[in-house]
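Inspection log for the structure reproduced underneath, given as structure tokens.
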Amino acid sequence: MNNIAQIMLNSVEVVRTVGAIVLVLAILIGFITHITGDFDKRFNWRTIGAMLLTAVIAGAGFYALPTLFNYGRAESVNIVPDAPLGGYGY
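The numbering used here numbers the first residue of the sequence shown as 1352 and each following residue consecutively.
The following block contains the structure:
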């Protein structure tokens, strides 16, 4: 694995980890503020369903985008080969 591929692989792992943490925190903050607010007026199944659907879509995005980036990392050897075009003079 060349250096570019290693850097891209490490960045994919960082993006997935940070994205998952941010997503969980955002969902928790959203639910806490929704529930602690005026509970009788705001407790609506449609609103909670919309929040859950948004969380699922955001989770799919945080998972799919780094996966596409990972595919680019795997194909980077075709663009920037491990060895130079002329070889190393063997």
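Don't be surprised by glycine CBs; every beta carbon is placed ideally from N, CA and C. Just so we're clear, the structure is a prediction, and the values are computed from it rather than from any experiment.
Would you call the CB atoms of residue i and residue j closer than 8 Å?
i, j, result
"I1378", "A1406", "yes"
"F1413", "G1381", "no"
"N1421", "V1363", "yes"
"L1376", "A1409", "no"
Please state the DSSP three-state secondary structure of residue i.
i, result
"N1395", "coil"
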